[in-house]
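Novice: Handing you a structure now.
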């Protein structure tokens, strides 16, 4: 009889799927700018998942959650924008 997967295991599997998705996008897609943006967006989603589920940030005060979310957005935008200058 199969038992249900725990939430940490589900999140880990999702993180692995996103990682493999990033590798696939990097290896198989053309269009350098779109590939870079897609990979950075996937990394932002992964960062949010790690903060929420493994660092348990979702249990903290609301202002910290807002700050974490803004940080992820700002860093992602800086990485995407900065990559365009290289």
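Residue numbers (the numbering used here): 34 to 119.
Glycine included, every Cβ here is placed at the ideal spot set by N, Cα and C.
Counting pairs of beta carbons, one from the stretch 65-77 and one from the stretch 85-102, are three or more of them closer than 8 Å?
Specialist: No, because fewer than three Cβ pairs between the stretch 65-77 and the stretch 85-102 fall closer than 8 Å, the two stretches do not touch.
Novice: Could you have a look at residue 64 and say whether DSSP puts it in helix, strand or coil?
Specialist: DSSP places residue 64 in coil when its eight states are reduced to three.
Novice: For residue 107, which option in 81, 93, 88 and 92 has the closest C-alpha, if you only look at C-alpha atoms?
Specialist: When only C-alpha atoms are compared, the closest one is 81.
Novice: Would you mind stating whether residue 56 and residue 62 have Cβ atoms separated by less than 7 Å?
Specialist: Cβ distance not < 7 Å, so residue 56 and residue 62 don't count as in contact.
Novice: Mind checking which residues open and close the alpha helix (DSSP H) that includes residue 101?
Specialist: Start and end: 95-116.
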